[in-house]
Amino acid sequence: MSKNIFVYCEITEEGHVADVSLELCSRGYKLAKELGVELNAIAIGNNLNNVADEVSAFGVNNLYLTEDEKLFPYLNMPHSNIVSKILKEQKADIVLFGATSIGRDLAPRVASTLKCGLTADCTSLEIGDHYVKKTDTTYKNLLYQIRPAFGGNIVATIINPDMHPQMATVREGVMKLEPLRKKIKPEVIKLDVNKYVSKSDFAISIIDRQIEAQKINIKGAQIIIAGGYGVGSKKNFGLLNQLAELLGGEVGASRAAVDAGYAEHERQIGQTGVTVRPKLYIACGISGAVQHTAGMDQSAQVISINIDEEAPISNIADYNIIGTIESVIPKMIKYYRKNSK
Amino acid sequence: MSYKILVLAKQVPDTRNVGKDAMKSDGTVNRAALPAIFNPEDLNALEFALRVKDKKGDAEVIIITMGPPRAADIIREGMYRGADKGVLITDRKFAGSDTLATSYAISLAVKKLAPFDMVVAGRQAIDGDTAQVGPQVAEKLNIPQITYAEEFIGFSGKKIQVKRRLERGIEILEAEGPVLITVHSSAANCRVRNAKRVMKYKYARTEIELQEAAEDYIEMLENRPYLQIKQWSVTDLNADVSLLGLSGSPTKVKKIESVVFTQKNSTTLSSSDSDINKLIKSLISSHVIG
Ligand SMILES: Cc1cc2nc3c(=O)[nH]c(=O)nc-3n(C[C@H](O)[C@H](O)[C@H](O)COP(=O)(O)OP(=O)(O)OC[C@H]3O[C@@H](n4cnc5c(N)ncnc54)[C@H](O)[C@@H]3O)c2cc1C
Ligand SMILES: Nc1ncnc2c1ncn2[C@@H]1O[C@H](COP(=O)(O)O)[C@@H](O)[C@H]1O
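Line by line, the protein sequences are chains C and B.
The first sequence maps to residues 731 to 1071 in our numbering.
The second sequence maps to residues 151 to 440 in our numbering.
What follows is the structure in structure tokens.
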């Protein structure tokens, strides 16, 4: 069996390869090295001249390009048919997609076409073996698709022993962006769009689009003040805003806080939100469920403010302040003003 | 012929109230140990379908759910809110199905209800947050999909127009022919139960539920066919068993670990002025802030 690794390179509104795709190339490159195979990328869109250069620092050996006016903006059927056909032709064994609006629209359809498995929102990807006692068989070099699962404190390792390719989606920021010192020019394989899509793939048409520039960017913030359900109200989130403004940081949130309407969805941190690695993370009224900590446990320093001394977050925090948001944050603001001058 | 809208709805364990015994040793979910609810985004999907029906007038909304016998609860809930009929796909042989096997079974039920005009699903179910079943059903039916729908705009001739929510904006799409739509939580909330409908449908039952019912009850149901919730097994769907359950699921759970937090060298502080003053000073002097 071939062990080809593929990354679907998503093209942004601005015509660049999305960060999440480059992050996946970084991870894919390491997996390919471990397996002794090549790393391949697929890009679909219009005017993709820049793509080869943009992926060259990430170790891509072969770049499959399908270019046509009809292929941008993204439409599900044409893209999924192109991707499925390439993966079949090239006998792909591992395929990685960004867990973006596009990736999560595309990957399930491709998996269904290829009749293979797909694991959403992986937080880690490793190579390993699997032994089945009943049949005394060992499956070598499978992709371990690791993700926090179901409810509380569980991390599951998912594998696909029999049916390949093995496919996974990963959120932006989960894998590290690691450009290589030496660039490699990928071999570019241009595909004829007409061999891959048919007229019936365009049964859906886009009649309008309004895409905004990115407003909230907590991913790049060095300091994050994150609030959870324990913050208690939208008004109390104002305290977090004040502190963030003062320290030059951004406000983040747990899912419970987003669900309660205290903060915008774009601010959600965790398995189904953004992954962050700031130098300081202040968790306010956050209990520390794995789905949340999966998105912030690589922060350089963590301070937790919580009324419960035993909240799980206390296990990963450097400082645990036991107290209420209402009393602690105003004091932090006060003493920062006093000491920073 | 009346316009037929199929709604895919799942009964899910309420993941907001999860206890320790939530997982079985084979890696599947121990549903029995958890409160079961109507998957939140499937309620948005139901509302979407009902709005299409309101617009069309002559239309029928049918809920399809796959799960254990007690999942019939959400069909009744859907009926109270406006659905016309329901189908429960239930069979022990479905147990352990991943999204690929689930979408196979659901697509067979959809085909059995053909011809249909629209399939509406939630974007994702809160028990796994995979968002895979909708697109996979669409692929198996060989129809196009519109994911993350936020609003049903209307019809333009025979074409349906839908607004969808993306990470950084919106798109308005137009689809020809049968289409599968997955609905986002930002779409309209589902209308509440209608008291008259509750009266009308509270006796709706599946075959399994009828087995426990009294004679006169069965008689009543015979006179009111709208109270019969269809129940389909593997045999009814003519399904290939090797494509179902654990054997039809490419994804296997290799292992499940409880997260062991490696205890950090952490300092506990009080909320007193002096503790907080000291902390801020040390953060400033180590250049973490300031
Ligand atoms: C599939 C799946 C995916 C998920 N993805 C995510 C995700 O991406 N991100 C995410 O965050 N969650 C996610 N969750 C939800 C996650 O499991 C938790 O439910 C959530 O993180 C809890 O949020 P919380 O800590 O804010 O709320 P809670 O668990 O309710 O904790 C509130 C905390 O506030 C403290 N508190 C209360 N009052 C005060 C006060 N006045 N002052 C100070 N402290 C106070 C309490 O002691 C408690 O520790 C996911 C769940 C599932 C099932
Ligand atoms: N067992 C099921 N029965 C009916 N609908 C389902 C089932 N599983 C998933 N769905 C539908 O598919 C959507 C996505 O589910 P998931 O892929 O599990 O996140 C749900 O919101 C439902 O509309």
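Every residue, glycine too, gets a C-beta built ideally from N, C-alpha and C.
Residues bridged to residue i [DSSP beta-bridge criterion]
i               : result
L935 (chain C)  : According to the sequence as given, residue 935 (chain C) is Ser; it is not Leu. B:E324, per the DSSP bridge assignment.
T849 (chain C)  : C:A898
I690 (chain C)  : The question about residue 690 (chain C) has no answer, for chain C in this structure spans 731 to 1071.
N792 (chain C)  : C:N770, C:E917
H860 (chain C)  : C:Y869
N734 (chain C)  : C:A822
T249 (chain B)  : BP columns for T249 (chain B) are empty, so no partner.
L156 (chain B)  : B:I212, B:V269
T887 (chain C)  : C:I876, B:K405
P163 (chain B)  : B:A186
V981 (chain C)  : C:I955
E753 (chain C)  : Answer is none; E753 (chain C) lacks a bridge partner.
N1050 (chain C) : C:S1034, B:T418
F827 (chain C)  : C:T899
G775 (chain C)  : C:E797
K235 (chain B)  : B:I212
I688 (chain C)  : No information on residue 688 (chain C) is available, as it lies outside the stretch 731 to 1071 that chain C covers here.
L1010 (chain C) : C:I953, C:Q1031
Residue i versus residue j: straight-line alpha-carbon distance, rounded
i               : j               : result
C739 (chain C)  : E768 (chain C)  : 16 Å
D809 (chain C)  : N770 (chain C)  : It is worth fixing the name first, because residue 809 (chain C) is His in this sequence and not Asp. Looking at the two C-alpha atoms, the distance is approximately 17 Å.
E362 (chain B)  : D223 (chain B)  : 16 Å
I812 (chain C)  : S854 (chain C)  : 27 Å
G882 (chain C)  : I256 (chain B)  : Per-residue confidence for G882 (chain C) stands at a pLDDT of 48, beneath the threshold of 50, marking its modelled position as unreliable; the derived number appears in the next sentence. Approximately 29 Å between the Cα atoms of the pair.
R242 (chain B)  : E1040 (chain C) : 41 Å
Y230 (chain B)  : A782 (chain C)  : 56 Å
A696 (chain C)  : Q998 (chain C)  : Coverage of chain C is limited to positions 731 through 1071, which leaves residue 696 (chain C) absent and any answer about it impossible.
G272 (chain B)  : G833 (chain C)  : 17 Å
Q896 (chain C)  : F788 (chain C)  : 21 Å
T1023 (chain C) : L258 (chain B)  : 40 Å
I946 (chain C)  : I1059 (chain C) : 23 Å
E369 (chain B)  : K262 (chain B)  : 27 Å
P1075 (chain C) : Q1031 (chain C) : Since the first residue shown for chain C is 731 and the last is 1071, residue 1075 (chain C) is missing from the structure and cannot be characterised.
D366 (chain B)  : A345 (chain B)  : 24 Å
K733 (chain C)  : Y1011 (chain C) : 39 Å
K760 (chain C)  : E784 (chain C)  : 18 Å
Y926 (chain C)  : K815 (chain C)  : 7 Å
S432 (chain B)  : Y874 (chain C)  : 41 Å
F188 (chain B)  : K160 (chain B)  : 6 Å
M731 (chain C)  : K845 (chain C)  : Residue confidence is low: M731 (chain C) scores 44 on pLDDT, short of 50, so the model does not pin down where it sits. Its coordinate-derived value is still stated next. When rounded, the distance between both Cα atoms is 17 Å.
V391 (chain B)  : L291 (chain B)  : 19 Å
N1045 (chain C) : G278 (chain B)  : 26 Å
R220 (chain B)  : I358 (chain B)  : 10 Å
E407 (chain B)  : V1020 (chain C) : 12 Å
A364 (chain B)  : L371 (chain B)  : 11 Å
I1051 (chain C) : G960 (chain C)  : 14 Å
Y353 (chain B)  : G228 (chain B)  : 13 Å
I310 (chain B)  : D208 (chain B)  : 16 Å
V329 (chain B)  : R839 (chain C)  : 14 Å
I948 (chain C)  : I955 (chain C)  : 10 Å
S397 (chain B)  : E301 (chain B)  : 38 Å
G1000 (chain C) : C852 (chain C)  : 12 Å
I331 (chain B)  : E917 (chain C)  : 38 Å
V312 (chain B)  : I434 (chain B)  : 52 Å
S420 (chain B)  : R347 (chain B)  : 56 Å
T418 (chain B)  : M1062 (chain C) : 16 Å
Integer-rounded CB distance, given that residue j should sit under 8 Å from residue i
i              : j              : result
A325 (chain B) : I934 (chain C) : 5 Å
R939 (chain C) : G319 (chain B) : 7 Å
G950 (chain C) : A987 (chain C) : That pair is no contact at about 21 Å.
E238 (chain B) : T356 (chain B) : It is worth fixing the name first, because residue 238 (chain B) is Leu in this sequence and not Glu. 5 Å between Cβ atoms; contact.
T899 (chain C) : A983 (chain C) : With a Cβ gap of about 22 Å, T899 (chain C) and A983 (chain C) do not count as contacting.
L394 (chain B) : A251 (chain B) : 5 Å
I736 (chain C) : I774 (chain C) : In the sequence as displayed, the identity of residue 736 (chain C) is Phe instead of Ile. Their Cβ separation, rounded to whole angstroms, is 13 Å, which puts F736 (chain C) and I774 (chain C) out of contact at 8 Å.
E191 (chain B) : S335 (chain B) : 5 Å
inquiry  = Three Cβ pairs or more, each shorter than 8 Å: is that satisfied between the stretch 826-836 of chain C and the stretch 754-764 of chain C?
reply    = Judged by Cβ distances under 8 Å, the stretch 826-836 of chain C makes contact with the stretch 754-764 of chain C, as three or more pairs qualify.
query = If we count Cβ pairs, one from each stretch, closer than 8 Å, do we get three or more for the stretch 371-381 of chain B versus the stretch 233-243 of chain B?
reply = A contact exists between the stretch 371-381 of chain B and the stretch 233-243 of chain B.
task = For the stretch 832-858 of chain C, enumerate the residues whose C-beta is nearer than 9 Å to any C-beta of chain D, in chain order.
result = As a matter of chain content, chain D is missing from the structure shown, whose protein chains are C and B.
4 or more residues per run - each alpha helix (DSSP H) lying fully within the stretch 268-351 of chain B = 283-291, 345-351
key: Within the stretch 385-438 of chain B, ranges of the alpha helix (DSSP H) (whole runs, at least 4 residues)   = Counting only runs that start and end inside the stretch 385-438 of chain B, the alpha helix (DSSP H) elements of at least 4 residues fall at 423-435.
key: Given 8 Å, three or more beta-carbon pairs between the stretch 904-911 of chain C and the stretch 292-310 of chain B   = no
request  = Please confirm if the stretch 999-1018 of chain C is in contact with the stretch 1045-1060 of chain C, defined as three or more CB-CB distances below 8 Å between the two stretches.
outcome  = Under the three-pair Cβ rule at 8 Å, the stretch 999-1018 of chain C counts as touching the stretch 1045-1060 of chain C.
request  = Check whether the stretch 197-214 of chain B touches the stretch 327-344 of chain B, taking contact to mean three or more Cβ pairs, one atom from each stretch, closer than 8 Å.
outcome  = yes
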